[in-house]
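Below is one structure, written out as structure tokens; comments come after it.
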Amino acid sequence: MPGEGTPLRPERRLGRLLAGLALLALAATAQAQPPVRAALATPHPEAGAAGRSILERGGNAFDAAVAIAASLAVIEPYGSGLGGGGFFLLREEQDTAPARYRFLDARERAPLAAHAELYVRDGKARPELSRDGALAAAIPGLPAALVELAARHGRLPLKDSLAPAIRQARDGFPVDRLYRQRAQFRLSALRDDPESARLFLAGGEIPAEGRRLRQPELAETLQQLAERGREGFYAGPVAERLVAGVRAAGGIWSTEDLARYRVVEREPLRVVLAEGRELIGAPPPSAGGIALAQSLGMLEQLPWRAAGRVQRAHYVVEVLRRAFRDRGLLGDPDFVANPVEHLLTPAYLRELAASIDPQRATPSASLPPAPAWREGEHTTHFAVLDAEGNAVAATLSINLPFGAAFSVPGTGVLLNDEMDDFAADLQGSNAYALAASPANAVAAGKRPLSSMSPTFLDSPGELAAFGTPGGSRIPGMVLLAVLEYLDGQPIRRWPAVPRYHHQYLPDVIEHEPEAFTAAEIAELQARGYPLREREPYGNQQVLRWDKRSGEVEAASDPRGLGRPDYLPARR
């Protein structure tokens, strides 16, 4: 049955050929100098401390990733959690062979009782049903991913790597400004669920900054996971409580849904770029990796390096417009034959680049139509590199801030609302006014399309890691950071660069206040672009390992609370 562990792979002949050529090139180079120290880039200092403690105990990057992801599930309930899922991009260093890359798809799955009309009532879609409450929740994947990482790739027992998160849930953490901002966005929905209100609010209001938030039920659920592995979440008492709580609140989960959930290891997206670099990124059900690869492939046909600020923005917007136009063709590869090979064919990318007018905006309506798409935007991201060269870039999500704003009594588990990432209404749109895609329609056991784009750029001389939360804006944010890297800018600029975004529809450039000057805005408008300013967004975490010297750098987005951390250099 589709989705039961072995995906129906699309044609990948081109990707395998290019990846093979890249591996031969890497194997032919001199041996890289190992990192002089381990490094972490996380969105929250408490999560960084959890990962660091595991590295100090002798764990590798994969053990640290378990600790960081579990910690974020506690201290960033608005961005990820045991009730959500995510993507993990892994780099495994090998003594006698080139590094091995793996991609773990821990995206949530639609319940087996889901169907295309799930959110339709009296012939009309009810969007609130796919956003708030138990019916909005897909089957979580993060707990299974933590077990998989520890069992197959880690050095330490799962209970050791989960210990920091268990302690944080039991003892609590201080509420910060980002928590308060995200809670404000979802305050009404949190108030509507008594359990979520009890856990995440104080007397029905947003907790004051600095107030300690404790989650003893979540600590116990994490403890069950630590002691029993996947059986501690997907079977037994925790699973029974989850299913009973969801069904009592109008959801459609079953014990079979939980028992049949599996993490799927997929072939990473691998694309050879100029200057001996290779992009290793997220394949479907992420559309983000393909959008990033297409954008970089088109830019290689254009003089973006020599362009001024407005001209460069013009090129970036136009390649994003074309990449996002193609996104509606993609879906869960267990259900949809994704045209990955065609979308990344050099001839096709040259054709797209040639269609860009160097001076004028291309109205999206003038391009050949393609199915549009939909997605929520609140996630989290981290990166970790150990002193052996193993690395993880992971993007995790529960969709809207605080997910479905529904917590299962007795478990501390706040559930996702990833079902809103499906095309619940093929004639309508989702919470972000994004139109629906037939390839991403609701189906039993299916995984919704995503923009999450954990990314490595590898070459004989260096490895760089990128990723950020931000929903539909993720590929554009990663692209802007990658261009800073390719420009030779210092790593602190990669996540700090002012951001702008275009996604084919709506046909408008969204931008942060500092992205353009008044004169630059006027010039872009003269080229035919509508612009809309919005508040700063994203929270990118990046790493760089210079393989020639062994030096390692990390940087965290200044928009967030994170800061890079390092273990002491080897003597």
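Residue numbers for the sequence shown, in mature numbering (1 follows the signal peptide of the UniProt record, and there is no 0): -32 to -1, 1 to 539. Where a beta carbon is used, it is the ideal one built from N, C-alpha and C, also for glycine.
The DSSP-derived three-state label of residue 184 is helix. Between the alpha carbons of residue 375 and residue 242 lies a gap of roughly 48 Å.
When DSSP states are grouped into helix, strand and coil, residue 118 belongs to the helix group. The beta-carbon separation of residue 289 and residue 323, rounded to 10 Å, does not stay under the 8 Å limit for a contact. The three-state reading of DSSP puts residue 244 in helix, counting H, G and I together. Secondary structure of residue 282 (DSSP, three-state): helix. When beta bridges are read from the DSSP output, residue 489 appears opposite no residue. CA-CA distance, residue 284 to residue 441, rounds to 13 Å. When the alpha-carbon of residue 230 is set against those of 149, 239, 78 and 48, the nearest one is in 78. Contact annotation, residue 407 with residue 298: C-beta distance approximately 6 Å; criterion of less than 8 Å satisfied. Per DSSP, the continuous beta strand (DSSP E) segment holding residue 70 begins and ends at 68 to 74. Under the 8 Å Cβ criterion, the segment 207 to 215 does not count as touching the segment 23 to 42, having fewer than three qualifying pairs. Relative to residue 367, the option among 119, 413 and 417 whose CA is nearest is 417. CA-to-CA, the gap between residue 92 and residue 388 works out to about 15 Å. Taking 8 Å as the upper bound for CB-CB distance, residue 61 and residue 357 are in contact here, some 4 Å apart.
Listed as beta-bridge partners of residue 468 by DSSP are 479. Under the DSSP assignment, residue 426 falls in the beta strand (DSSP E) whose first and last residues are 423 to 426.
DSSP places residue 308 in the uninterrupted alpha helix (DSSP H) bounded by 308 to 311. Boundaries of the beta strand (DSSP E) harbouring residue 509: 509 to 514, taken from the DSSP string.
Residue 59 places its beta carbon less than 9 Å from that of residue 431. Under DSSP, residue 60 forms a beta bridge with 68. Residue environment: residue 490 is assigned as exposed (fewer than 16 neighbouring CB atoms within 10 Å of its CB, all protein chains considered). Collapsing the DSSP output to three states places residue 92 in a strand. Bounds of the alpha helix (DSSP H) holding residue 223 are 223 to 228. Here residue 503 is exposed, its C-beta having fewer than 16 other C-beta atoms within 10 Å. The criterion of a C-beta distance shorter than 9 Å is not satisfied by residue 218 and residue 51.
Counting along the chain, the unbroken beta strand (DSSP E) around residue 521 starts and ends at 520 to 524. Cβ-Cβ distances below 6 Å link residue 115 to 197 and 198 in the same chain, with the five nearest sequence neighbours on each side left out; the list follows chain order. Each residue's CA atom was taken as its position, placing residue 462 and residue 378 some 42 Å apart.
At the C-beta level, residue 7 and residue 532 come within 9 Å of one another. At a Cβ-Cβ threshold of 9 Å, residue 30 and residue 122 count as neighbours. Taken in chain order, the complete beta strand (DSSP E) segments of 3 or more residues contained in the segment 127 to 151 number zero; there are none. The C-beta distance from residue 54 to residue 530 rounds to 17 Å, too long to meet the 8 Å contact threshold. In the displayed model, residue 54 falls within a strand according to three-state DSSP.
Between the alpha carbons of residue 267 and residue 281 lies a distance of about 11 Å.
Assignment of residue 353 by DSSP, reduced to helix, strand and coil, places it in the strand class.
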